[in-house]
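Residue numbers (the working numbering): 239 to 381.
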(Lines of atoms letter the chains of each structure in order from A and count residues from 1; the text may use other names and numbers.)
(Lines give C-alpha, C1' and ligand atoms only; values in the text may rest on other atoms or scores of the structure.)
Protein backbone atom coordinates (compact mmCIF):
# COMPACT_ATOMS: atom_id res chain seq x y z
CA UNK A 1 0.00 0.00 0.00
CA UNK A 2 2.82 2.35 0.82
CA UNK A 3 4.46 1.84 -2.58
CA UNK A 4 1.25 2.74 -4.42
CA UNK A 5 0.75 5.97 -2.48
CA UNK A 6 4.14 7.49 -3.34
CA UNK A 7 3.58 7.76 -7.14
CA UNK A 8 0.13 9.27 -6.60
CA UNK A 9 1.49 11.98 -4.31
CA UNK A 10 4.33 12.69 -6.75
CA UNK A 11 1.85 12.96 -9.60
CA UNK A 12 -0.37 15.37 -7.64
CA UNK A 13 2.62 17.53 -6.66
CA UNK A 14 3.98 17.63 -10.22
CA UNK A 15 0.52 18.44 -11.60
CA UNK A 16 0.18 21.29 -9.10
CA UNK A 17 3.60 22.69 -10.05
CA UNK A 18 2.79 22.48 -13.77
CA UNK A 19 -0.55 24.25 -13.25
CA UNK A 20 1.05 26.97 -11.11
CA UNK A 21 3.84 27.62 -13.63
CA UNK A 22 1.34 27.56 -16.51
CA UNK A 23 -0.92 30.04 -14.70
CA UNK A 24 2.00 32.37 -14.02
CA UNK A 25 3.11 32.28 -17.65
CA UNK A 26 -0.46 32.85 -18.87
CA UNK A 27 -0.89 35.82 -16.49
CA UNK A 28 2.43 37.37 -17.61
CA UNK A 29 1.67 36.93 -21.31
CA UNK A 30 -1.84 38.40 -20.90
CA UNK A 31 -0.39 41.51 -19.21
CA UNK A 32 2.38 41.86 -21.77
CA UNK A 33 0.01 41.50 -24.71
CA UNK A 34 -2.33 44.15 -23.24
CA UNK A 35 0.55 46.61 -22.87
CA UNK A 36 1.75 45.89 -26.41
CA UNK A 37 -1.77 46.31 -27.82
CA UNK A 38 -2.29 49.65 -26.04
CA UNK A 39 1.13 50.88 -27.13
CA UNK A 40 0.38 49.88 -30.74
CA UNK A 41 -2.92 51.79 -30.74
CA UNK A 42 -1.34 54.92 -29.23
CA UNK A 43 1.62 54.80 -31.63
CA UNK A 44 -0.70 54.35 -34.62
CA UNK A 45 -2.84 57.34 -33.62
CA UNK A 46 0.29 59.44 -33.07
CA UNK A 47 1.61 58.41 -36.49
CA UNK A 48 -1.76 59.34 -38.03
CA UNK A 49 -1.46 62.84 -36.56
CA UNK A 50 2.11 63.07 -37.87
CA UNK A 51 1.01 62.08 -41.38
CA UNK A 52 -1.99 64.45 -41.45
CA UNK A 53 -0.02 67.41 -40.07
CA UNK A 54 0.23 70.11 -42.74
CA UNK A 55 1.59 73.64 -42.38
CA UNK A 56 3.39 76.17 -44.53
CA UNK A 57 5.06 79.58 -44.31
CA UNK A 58 2.64 82.03 -45.93
CA UNK A 59 4.50 85.32 -45.58
CA UNK A 60 7.70 86.77 -44.10
CA UNK A 61 8.52 90.38 -43.31
CA UNK A 62 10.93 92.27 -41.08
CA UNK A 63 10.54 95.24 -38.75
CA UNK A 64 11.72 98.66 -39.92
CA UNK A 65 14.81 98.54 -37.69
CA UNK A 66 15.62 94.95 -38.76
CA UNK A 67 15.62 93.57 -35.22
CA UNK A 68 12.56 91.33 -35.62
CA UNK A 69 11.44 88.94 -38.34
CA UNK A 70 7.71 88.15 -38.59
CA UNK A 71 6.75 84.76 -40.03
CA UNK A 72 3.13 83.90 -40.83
CA UNK A 73 2.47 80.15 -40.58
CA UNK A 74 -0.72 78.54 -41.88
CA UNK A 75 -1.89 75.18 -40.54
CA UNK A 76 -4.02 73.52 -43.23
CA UNK A 77 -3.95 70.06 -41.65
CA UNK A 78 -6.30 68.38 -39.19
CA UNK A 79 -4.32 68.37 -35.92
CA UNK A 80 -3.19 71.47 -34.08
CA UNK A 81 0.55 72.04 -34.54
CA UNK A 82 3.20 73.21 -32.07
CA UNK A 83 6.20 74.60 -33.96
CA UNK A 84 9.61 76.05 -33.26
CA UNK A 85 10.86 78.71 -35.68
CA UNK A 86 14.60 79.00 -36.35
CA UNK A 87 16.07 81.91 -38.33
CA UNK A 88 19.59 82.02 -39.76
CA UNK A 89 21.00 85.11 -41.52
CA UNK A 90 23.76 84.68 -44.14
CA UNK A 91 26.12 87.02 -42.27
CA UNK A 92 25.92 84.98 -39.05
CA UNK A 93 22.91 86.39 -37.22
CA UNK A 94 20.20 84.13 -35.87
CA UNK A 95 17.09 83.90 -33.72
CA UNK A 96 14.45 81.46 -32.61
CA UNK A 97 10.92 81.31 -31.26
CA UNK A 98 9.86 78.18 -29.38
CA UNK A 99 6.53 76.42 -28.75
CA UNK A 100 4.16 78.35 -31.00
CA UNK A 101 0.67 76.81 -31.20
CA UNK A 102 -0.96 76.92 -34.64
CA UNK A 103 -4.60 75.71 -34.43
CA UNK A 104 -6.04 73.73 -37.33
CA UNK A 105 -7.21 76.02 -40.15
CA UNK A 106 -5.57 79.12 -38.64
CA UNK A 107 -2.78 81.43 -39.68
CA UNK A 108 -0.55 82.73 -36.88
CA UNK A 109 2.16 85.38 -36.91
CA UNK A 110 5.32 84.41 -35.08
CA UNK A 111 7.79 87.19 -34.25
CA UNK A 112 11.44 86.16 -33.99
CA UNK A 113 13.87 88.51 -32.26
CA UNK A 114 17.26 88.53 -34.01
CA UNK A 115 20.61 88.89 -32.28
CA UNK A 116 21.89 91.16 -35.10
CA UNK A 117 19.74 93.61 -37.07
CA UNK A 118 18.99 92.74 -40.69
CA UNK A 119 20.46 94.78 -43.51
CA UNK A 120 19.30 95.27 -47.10
CA UNK A 121 19.96 92.19 -49.30
CA UNK A 122 20.57 89.86 -46.35
CA UNK A 123 19.39 86.36 -47.17
CA UNK A 124 17.48 84.75 -44.31
CA UNK A 125 16.88 81.01 -44.00
CA UNK A 126 13.82 80.05 -41.98
CA UNK A 127 13.12 76.58 -40.62
CA UNK A 128 9.76 75.81 -39.04
CA UNK A 129 10.02 72.54 -37.14
CA UNK A 130 7.04 70.79 -35.54
CA UNK A 131 7.06 68.60 -32.44
CA UNK A 132 6.06 65.68 -34.70
CA UNK A 133 9.33 66.04 -36.64
CA UNK A 134 7.85 67.71 -39.75
CA UNK A 135 9.72 70.68 -41.24
CA UNK A 136 9.09 73.56 -43.60
CA UNK A 137 11.86 75.70 -45.05
CA UNK A 138 11.64 79.21 -46.46
CA UNK A 139 14.17 81.74 -47.77
CA UNK A 140 13.62 85.49 -47.39
CA UNK A 141 15.59 88.27 -49.03
CA UNK A 142 15.55 91.53 -47.07
CA UNK A 143 14.51 94.45 -49.26
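Ideal Cβ placement from N, Cα and C applies to all residues, glycine included.
Item, Value
"So, under 8 angstroms CB-CB, residue 359 and residue 327 are touching, yes? Tell me the CB distance rounded to an integer number of Å.", "At roughly 11 angstroms, the Cβ-Cβ gap does not stay under 8 angstroms, so residue 359 and residue 327 are not in contact."
"Can you list, in chain order, the residues of its chain whose CB lies under 6 angstroms from that of residue 379, leaving out five sequence neighbours each side?", "361"
"For residue 349, collect the residues of the same chain with a Cβ closer than 6 angstroms to its Cβ; drop the 5 residues on either side in sequence, then sort them by chain order.", "306 and 308"
"Taking the C-alpha atoms as reference points, what is the distance between residue 375 and residue 282?", "27 angstroms"
"Jot down the residue ranges of each uninterrupted alpha helix (DSSP H) in the region 254-311, minimum 4 residues, whole runs only, in chain order.", "none"
"Bridge partners for residue 322 per DSSP, in chain order?", "367"
"Give me, in chain order, the residues of the same chain whose beta-carbon lies closer than 7 angstroms to that of residue 355; leave out the 5 immediate sequence neighbours on both sides.", "303, 304 and 305"
"Could you compute how far the alpha carbon of residue 381 sits from the alpha carbon of residue 310?", "18 angstroms"
"What does the alpha-carbon distance come out to for the pair residue 324 and residue 365?", "5 angstroms"
"Select from 266, 363 and 254 the residue whose C-alpha is nearest the C-alpha of residue 299.", "363"
"Assign residue 338 to one of two classes, buried (16 or more other C-beta atoms within 10 Å of its C-beta) or exposed (fewer than that).", "buried"
"Can you tell me which of 315, 357, 268 and 331 puts its alpha carbon nearest to the alpha carbon of residue 368?", "315"
"Restricting to Cα atoms, I'd like to know which of 346, 269 and 278 is closest to residue 321.", "346"
"Taking just the CA atoms, how far does residue 344 sit from residue 261?", "55 angstroms"
"Run through DSSP, which three-state label would residue 339 get?", "strand"
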